[in-house]
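Numbering (the numbering used here), first residue to last: -14 to 45. We put the beta carbon where it would ideally sit given N, CA and C, even for glycine. Fair warning: this is a prediction, and the values are worked out from it, not measured in the lab. Report on the structure given below.
Quick look at the structure:
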């Protein structure tokens, strides 16, 4: 059957509190989010469908 899951991600020791994170799908599209946090740690969850992969780029 089909499998999907939400993958928890934690970014620690962030040098700045404002940054951009881009998710680029394997052989596909990308999306960029502007993030503002009040601490040096930021947590999120990313949804993945079956047989999918993505690369994440963080820009300060």
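Could you work out which residue in the options is closest to residue i when comparing CA atoms only?
i, options, result
"residue 1", "27, 36 and -8", "27"
"residue 46", "25, 31, 43 and -1", "Because residue 46 is not part of the residues shown, which for the chain are -14 to 45, the question remains open."
"residue 37", "14, 3, 4 and 6", "14"
"residue -2", "25, 7, -9 and -8", "25"
"residue -5", "29, 34 and 40", "29"
"residue 20", "4, 33 and 12", "4"
"residue 42", "-9, 22 and 16", "16"
Tell me the DSSP secondary structure of residue i in three-state form.
i, result
"residue 24", "coil"
"residue -1", "coil"
"residue 32", "strand"
Name the DSSP bridge partner or partners of residue i?
i, result
"residue 38", "Note: residue 38 sits in no beta bridge, so no partner."
"residue 15", "9"
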